[in-house]
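Participant: In this note's numbering, the protein residues as written are 1 to 259.
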């Protein structure tokens, strides 16, 4: 079975890391990069984080080194721009490491037309094109990482931009599923947040906005909250998620679908 990780943070950040590494601290991002390349070898890794794969200073686990060269030796196509990513996919690459920023990728609302970084939806499409070639199926994790960061910053423009970017990525997956009856039958799609951040709420106005008016929105904190998150799912075994569940129950549903 093929595996893929896609994120707008560093690809070694906390959420993608739990799917491809086993470490004592999320601060061990160099070690996470090492484990990706040397141990778990996800077929596709797309996000930010050049500095984590080519480090000269040890992280919290004491790890550093040039893991990009090791990835090349293991057959990965290593790319740094959207055009390079598209070329690698077009040339039939089966193992792809895309590192599009030294750290996290540029937020959607700050991007210019001249950017060389791919959109989250474009990374998702590239991952699907590679992973679907595995006859045993695949597992793909896609994170709109910076929705969380935007809420930590209580920044509405940032939050809206990256939420819309994530919505486009979900549409990319839905379009891929709907293009084939076989995919509809055998694909489980889950869309969920790992937690809520900031206690965000829209408070008004109670009328259709006119030019120059702004939505009244705010936050209760700049940290994670205990607010419930919503699960959207469809496909194989999705009926198990049609109720209130603990977030740890998602693992069992995904594992069952893979089996």
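For each residue, glycine too, the CB sits at the ideal point set by N, CA and C.
Do residue 166 and residue 110 have their beta-carbon atoms positioned less than 8 Å apart in this structure?
Facilitator: Taking the first residue of the chain shown as 1, we reach residue 110 at position 110. Taking the first residue of the chain shown as 1, we reach residue 166 at position 166. Not a contact, by the Cβ cut-off of 8 Å.
Participant: In chain order, what residues of the same chain lie with their CB nearer than 7 Å to the CB of residue 71, ignoring the 5 residues before and after it?
Facilitator: Here residue 71 refers to the residue found at position 71 of the chain shown. 37, 78 and 97, listed in sequence order.
Participant: Determine the direct distance from the alpha carbon of residue 171 to that of residue 26, and round the result to whole angstroms.
Facilitator: For the purposes of this step, residue 26 is taken as residue 26 along the chain shown, with counting starting at 1. For the purposes of this step, residue 171 is taken as residue 171 along the chain shown, with counting starting at 1. Their Cα atoms are separated by approximately 30 Å.
Participant: Inspect the beta-carbon positions of residue 195 and residue 224 and report whether they are closer than 8 Å.
Facilitator: One-based indexing of the chain shown puts residue 195 at position 195. One-based indexing of the chain shown puts residue 224 at position 224. A contact, by the Cβ cut-off of 8 Å.
Participant: Please return the same chain residues whose Cβ sits closer than 8 Å to the Cβ of residue 203, not counting the five positions on each side in sequence.
Facilitator: Start at 1 with the first residue of the chain shown, and residue 203 comes out as number 203. Same-chain partners within the cutoff: 216, 217 and 218.
Participant: Do residue 229 and residue 192 have their C-beta atoms within less than 8 Å of each other?
Facilitator: Locating residue 229 in the chain shown gives position 229, where the first residue counts as 1. Locating residue 192 in the chain shown gives position 192, where the first residue counts as 1. Contact flag set, yes.
Participant: Determine the DSSP secondary structure at residue 8, reduced to helix, strand or coil.
Facilitator: Along the chain shown, one-based indexing puts residue 8 at 8. Looking at residue 8 - three-state DSSP - the assignment turns out to be strand.
Participant: Within 10 Å of its beta-carbon, does residue 1 have 16 or more other beta-carbons around it, so buried, or fewer, so exposed?
Facilitator: Sequence index remark: in the chain shown, residue 1 carries index 1 (1-based). So residue 1 ends up on the exposed side.
Participant: CA-CA distance, residue 211 and residue 205?
Facilitator: Here the question's residue 211 lines up with position 211 in the chain shown. Here the question's residue 205 lines up with position 205 in the chain shown. Cα-Cα distance, rounded: 13 Å.
Participant: Can you tell me whether residue 158 is buried or exposed, with buried defined as 16 or more other CB within 10 angstroms of its CB?
Facilitator: As a first step, residue 158 must be located in the chain shown, where it is residue number 158. Flag for residue 158 reads buried.
Participant: Out of curiosity, what's the CA-to-CA distance linking residue 207 and residue 214?
Facilitator: Counting from one through the chain shown, the residue named residue 207 turns up at place 207. Counting from one through the chain shown, the residue named residue 214 turns up at place 214. Spanning the two alpha carbons is a distance of roughly 11 Å.
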